[in-house]
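Using this note's numbering, the first residue of the sequence shown is number 35, and each one after it goes up by one.
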Amino acid sequence: DEQLYVSDPRALQSIIVKDQDAFEETAVFVETNKAIFGPGLVATVGEHHKKQRKIVTPIFSVTQLRELTPVIYEVADKLSSVLEKEATLRFEKAGESVLDMSEWMSRVALET
Numbered sequence: 035d036e037q038l039y040v041s042d043p044r045a046l047q048s049i050i051v052k053d054q055d056a057f058e059e060t061a062v063f064v065e066t067n068k069a070i071f072g073p074g075l076v077a078t079v080g081e082h083h084k085k086q087r088k089i090v091t092p093i094f095s096v097t098q099l100r101e102l103t104p105v106i107y108e109v110a111d112k113l114s115s116v117l118e119k120e121a122t123l124r125f126e127k128a129g130e131s132v133l134d135m136s137e138w139m140s141r142v143a144l145e146t
C-alpha cells in the first residue's frame with residue numbers, strides 16, 4: 035500500500051473535503067480504525083462513508099462547534115483533574131500510574 039503524508043493544511047483540506055474520491059485509505063488504516071473505533075466514519079470507505087458523513091456534517095457546523103466549545107473545555111478540565119488524581123492514587127498504591135485511556139475516553143465521550 036502506498037501512503038501519502040501531508041502536513042500542509044490546504045492540501046489536507048483538499049484531500050479530505052474536495053478531492054476525497056481521488057484518495058483511498060489503506061486497508062491497514064481502515065481495519066485498524068475499525069478495531070479501535072468500530073464501524074464508524076473513520077473506518078468506512080466509499081458510499082457507506084459518504085452516507086455517514088452526510089448525516090454528521092450538520093453537527094460540525096461553525097455555529098454548533100461554537101456552542102459546544104465551552105462544554106468541551108469544561109469536560110476536558112474535569113477529565114484532567116480526575117486523571118491527575120487517579121494517576122497519583124495508583125502511583126501511591128502500586129508505584130506506577132498507568133491508566134487505560136480508552137476507558138476514560140469512553141466515559142468522557144458520554145459526558146454532558
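For glycine and all other residues, C-beta sits at the position ideal for the given N, C-alpha and C.
State the DSSP-derived secondary structure class of residue i, mapped to helix, strand or coil.
{"i": "L102", "result": "helix"}
{"i": "P43", "result": "helix"}
{"i": "V51", "result": "helix"}
{"i": "L38", "result": "coil"}
{"i": "F57", "result": "coil"}
{"i": "E126", "result": "helix"}
{"i": "S131", "result": "coil"}
{"i": "S95", "result": "coil"}
Which stretch, first to last residue, makes up the alpha helix (DSSP H) that contains residue i?
{"i": "K85", "result": "G80 to V90"}
{"i": "A2", "result": "Residue 2 lies beyond the range of the chain shown here (35 to 146); nothing can be said about it."}
{"i": "A143", "result": "M135 to A143"}
Roughly how many angstroms separate the alpha carbons of residue i and residue j, rounded to a whole number?
{"i": "Y107", "j": "R141", "result": "16 Å"}
{"i": "S136", "j": "T97", "result": "29 Å"}
{"i": "Q54", "j": "R124", "result": "45 Å"}
{"i": "G74", "j": "K112", "result": "27 Å"}
{"i": "A143", "j": "D134", "result": "15 Å"}
{"i": "V76", "j": "T66", "result": "10 Å"}
{"i": "S95", "j": "V40", "result": "24 Å"}
{"i": "V51", "j": "P43", "result": "12 Å"}
{"i": "T159", "j": "L38", "result": "With the chain covering only 35 through 146, there is no way to say anything about residue 159."}
{"i": "E145", "j": "M139", "result": "10 Å"}
Distance cutoff 7 Å, beta carbons only. Does residue i sit that close to anything in chain B?
{"i": "F57", "result": "Here there is only one protein chain, and chain B is not present."}
Quiz item: If we count Cβ pairs, one from each stretch, closer than 8 Å, do we get three or more for the stretch 63-80 versus the stretch 97-110?
Solution: Touching, no.
Exercise. Could you say if the stretch 79-90 and the stretch 115-124 meet the contact criterion of at least three C-beta pairs nearer than 8 Å?
Key: Between the stretch 79-90 and the stretch 115-124 there are fewer than three C-beta pairs closer than 8 Å, too few to call the two in contact.
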